[in-house]
Every structure is written in structure tokens, then in C-alpha cells.
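In UniProt numbering, the protein residues as written are 1 to 512. Where a beta carbon is used, it is the ideal one built from N, C-alpha and C, also for glycine.
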DNA sequence: TTCCGACAGTGGGGTCGCAAT
DNA sequence: ATTGCGACCCCACTATCGGAA
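Shown next, in the form of C-alpha cells:
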């Protein structure tokens, strides 16, 4: 199949907003693909590369290359060239990679160049990624979408499922079973604004500590242990303590879900930054492990022995977990019978925060373990802080925000009356706010370099954030974690904005 | 008819590792 | 040694479609 066909369909998919139409367009293309093209066509139109990461980014791809006049590239040729690209490594490799990218782009028409750019940077912007491609695949093969989604969860990605389904038909899905040693997509939590809201939605539930570390899925089969991240990367070699911990447990065959965290000398949880640095260290693991030893805290069991627990209610999975994992390695929790029992959950949240953790996750007791779309049966609740800050500058948006001023630069007052930048945010704005701020901020503009518009520091905005973290980038030595806009405060002048001093005083545990 | 779950999009900061300077 | 870039950790929120209630 020619690449130009994919590029054209991708444009058509992007042009329609109806999900049903997107699915129909994808299904039609999948049906037309030859057997050998299928393993490429499906991930390409799901916005993914079968090779995974290539080491090529926005910078290299942005160099202009004269496009080809006629479309000649086939999907298989593109795949072969990208595979070659991924294999280039060593000294001088960056120049060689750039040369190969230039060759590929030079063989592509302008439309194809646009498609390849989106594919490699992961920004296809056609309004259809994995989930819609799964629906398209289900339609093309006349298989129930729920069955395809479940197989994708068990396989960890779309490609193997697509290949099996198109080669052998719907019965091939039976091959995708939970297997120790093969990671599955983890179940994720939604957000609730309060414990009361979460309990009202879920009924009988458990409130568990929410730990601010790195999610891990631990597989043990006899003496073999493998550890996977949320995106299913294998990080076994970076966390030797976890292998030891898994080998100490009584069972010799299981899959557990948990979080890796670390404690300081006083027994308080260390910051996310410290844990992420430790888990990210690959070169000298021994030294990193000495400086920041980590501990696992497990909260779910996906399989034990030869039993697949995924479809069991949480209560039963937890019974299995408790049988296998002793107390300190198991997450602290409390049971809540229902809305009349909210106080128990609220007290538990207060205790958890006092112990230095992030918040709680409220989990329905009757829910199965599912990465699919079986509703939000895990709800996280975290405290939210707010500040009044001053807009110092704003960046022009991309994609659907093209032509709108989007990403705000936020400043707090300093002792001398000037403003210190604390970070940026593009979150929390409605389309109406986006339109309003585009007009309002242009009136305050003192400079526009085509990317950043610098403004007079006069407009006050209320910002919500999850906490403070250390920063080497910003002048105060700190930055906001997960900042988002709540509302504009036109009733306030910049002289009423919050100061760096009050911010630091509110977070004594963080020192710049 | 209204409500709500699922999805995609729009990017945020930090850290590590590697190649180039 | 320092800098720039890419990969991967953590993530919030809004708009929209389409099925459920």
C-alpha cells in the first residue's frame, strides 16, 4: 500500500468530528490492506510507530526538505527506512540520522511529509488514536469491540492483537491470556474533588493511601522477577531491592500492582523528584540504590499461582494480596461501608496527609481490574492549593489553539515589588476564556516575537496547583506542580498578588 | 430529552543519558 | 565540562461524541 493513501485517510479522519465516521474510515482502510501491510497500517493510523522510539524529534524533523512531486513511497519502504534509522547509534550518529531523515522526507510529497512528521513526533492530530483504531479494527474484522479492547489490555499494545486478528480471525483473541512475565496495561484512577463525592459515586469502598512515587507491575515466576512501569517498560535492572522483596514473598508465582517510594532517615516519604531520579538512574545503579533505597508498596494482585484474578471483585483480589504480602509492603487502607460512613474516609485522608503522602485513592469493592472503559471505579482525592499570580507573558497556541494566546507565564511578587516567574500553564481554560485572554493580553503586549508575547504585569489570575517543587530553571528556585487556571481576578491589582515569601511559608518542607 | 463515560488534545516540570560542542 | 535533545516519569483539564438513563 502506498503511504499517500494513509496520509489521505488520516486527513479525512481529521476533517470529520464524528467518531462513528472516523471508525468507518479506518475500518475501510484496514479491510483493504494486504496481509503484509496490516501490521504497519494499523499502528500508523493509530498514531504509533511499531519501532517505538527512534531518537528523532521535533528539532531534526523541522529542517525543511524539498518534497517529492509524485507519491512513490510504500508503507513497507517507510517501515524499512525507519527501522534502519533506529539502528544507527554511536559517534557521528546524529548527523547520520539527520541525513537518513532528510532522505526519507525528500522521497515524500508535502502531504506525506506532514503525515510522517506527526507520526514520528507522536502528534498526528487526527482525533483518533489507539481507542478509535481498536473500534476500527473490531469493525473491519467483525469482532466485538470489548473483546478486542480486552486483548489489547492483556497484550499491552495494539499491534500483536491486530496481527493475530487479521491472520486468524476472532478466535485468535483466545491466545491473549494473562501470563506471568508478560505485562498488562495498568488500571488508572480518575479524579474526585472530595472524599464525600468519591464515596457517593462508589458506595461500599476502600480508601487507600496515594503514594507519590513510580507505578510498578511486579511479575515473579519461580526465581525470575521482572518489573515494569506504567508504560510497560522493563526496569528490573534498576531496582534490585524490588527483586529481593519479590523473592521474599511466600508465593513463587504472581503478578502484583504497586508503587515504588522511598523514605528519609526520619521515616517520612521522600519527594517525587528524588524517587524519579533514583528510578531513572541506569548507569551506576549500585550507588543510586545506596543513596536512595526504595521500597515497594503493593495494592493489588492480578494473578496468584495459576489463577487469573482480573475479573474478580476487588475485595477478593485484596484477600489474595493480603495472603501473599505482609503488612509493611501492603498499602495502608480503611474500609468504608457507604455514604453514611464518609467520616471514616475523611479521617483516613487527614491521617495520610499528616504522614506526608499525596492523598487517597477510593476504590469500589465490587469492581474488576480493568484498563478498559469499565467506568471509573478508582477515584483519587488530593488537596488543592490556590494562589493569585500575575501574567508576565503568554505563548501562541498550537493545533486547535492556533491563533489563540494559550500558555501563560506566571509570576509571584518579590520583596522589591518586581515579579519572579514560577512556571507556566495552559490548563483549565475554557474556549471562552481562551478567546477573552487572547484579546485582553494583546492589549497589554509590549513585545511579540511570534512565539512569546511579553505583557505589562497587570493581569491577576487565580491558579490551582498540587504542590511546590525545587527548580533550577526559575529564579526563586521553586516551581508549581500541575498549575492550572481557576479564573481571572480582574477585581485585584498586581500589587495584591501573592508573594514568593508567603508561597515558601506555605510549603516549609520545600527549600529552594 | 438529558446526562455522563470515554477520548483526544494541549501542553506543564524534572531527571537521566547520550552526542555534540 | 557544558549544552541541547529525546525519552519517560509524574500529571489536569476541557470539548466533543454517542450511548445510557
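Which word fits residue i, buried or exposed, when buried means at least 16 other C-beta atoms lie within 10 angstroms of its C-beta?
| i | result |
| --- | --- |
| residue 283 | exposed |
| residue 446 | exposed |
| residue 248 | exposed |
| residue 443 | exposed |
| residue 31 | exposed |
| residue 326 | exposed |
| residue 441 | buried |
| residue 501 | exposed |
| residue 266 | exposed |
| residue 291 | exposed |
| residue 181 | exposed |
| residue 495 | exposed |
| residue 126 | buried |
| residue 211 | buried |
| residue 305 | exposed |
| residue 473 | exposed |
| residue 320 | buried |
| residue 15 | exposed |
| residue 37 | buried |
| residue 113 | buried |
| residue 206 | buried |
| residue 128 | buried |
May I ask you to list the residues that DSSP assigns as paired with residue i?
| i | result |
| --- | --- |
| residue 474 | Looking at the DSSP assignment, residue 474 forms no beta bridge with any residue, so it has no partner. |
| residue 330 | 298 |
| residue 386 | 464 |
| residue 58 | Partner(s): none; residue 58 has no beta bridge. |
| residue 363 | 206, 378 |
| residue 2 | 74 |
| residue 393 | 409, 454 |
| residue 161 | Per DSSP, none; premise fails for residue 161. |
| residue 481 | 467 |
| residue 487 | 462 |
| residue 335 | 206 |
| residue 402 | 397 |
Please tell me whether residue i and residue j are closer than 8 angstroms, where the distance is taken between their beta carbons.
| i | j | result |
| --- | --- | --- |
| residue 261 | residue 203 | no |
| residue 394 | residue 407 | yes |
| residue 190 | residue 365 | no |
| residue 308 | residue 178 | yes |
| residue 383 | residue 410 | no |
| residue 198 | residue 240 | no |
| residue 258 | residue 299 | yes |
| residue 467 | residue 507 | yes |
| residue 23 | residue 136 | yes |
| residue 7 | residue 111 | yes |
| residue 246 | residue 218 | yes |
| residue 322 | residue 336 | no |
| residue 348 | residue 360 | yes |
| residue 123 | residue 363 | no |
| residue 143 | residue 71 | no |
| residue 399 | residue 268 | no |
| residue 74 | residue 106 | no |
| residue 294 | residue 329 | no |
To which residues of the same chain is residue i closer than 6 angstroms at the C-beta, ignoring the five residues directly before and after it?
| i | result |
| --- | --- |
| residue 147 | 173 |
| residue 88 | 96, 97 |
| residue 367 | 314, 377 |
| residue 434 | 404 |
| residue 63 | none |
| residue 58 | 121 |
| residue 145 | 135, 138 |
Excluding sequence positions up to five away, which residues of its chain have a Cβ less than 7 angstroms from the Cβ of residue i?
| i | result |
| --- | --- |
| residue 133 | 26, 42, 45, 46, 158 |
| residue 28 | none |
| residue 154 | 176, 177, 178, 184 |
| residue 161 | 148, 151, 152, 155, 176 |
| residue 310 | 178, 302, 368, 369 |
| residue 274 | 262, 292 |
Using a Cβ-Cβ cutoff of less than 8 angstroms, which residues in the same chain neighbour residue i once the five nearest sequence positions on both sides are dropped?
| i | result |
| --- | --- |
| residue 499 | 412, 413, 414, 415 |
| residue 100 | 81, 84, 85, 88 |
| residue 492 | 388, 460 |
| residue 463 | 386, 387, 388, 389, 410, 425, 480, 483, 484, 485, 486 |
> What residue ranges within the segment 227-309 form continuous beta strand (DSSP E) runs of no fewer than 3 residues, ordered along the chain?
Replying inline: 253-262, 294-304
>> Please give me, in chain order, every unbroken run of the alpha helix (DSSP H) with length at least 4 that falls completely inside the segment 407-474.
In response: 431-443
>> At 3 residues or longer, what runs of the beta strand (DSSP E) sit wholly inside the segment 175-233?
In response: 205-210, 214-221, 224-228
> Mind pulling the alpha helix (DSSP H) runs of 4 or more residues that sit fully within the segment 78-135?
Replying inline: 93-106, 110-121
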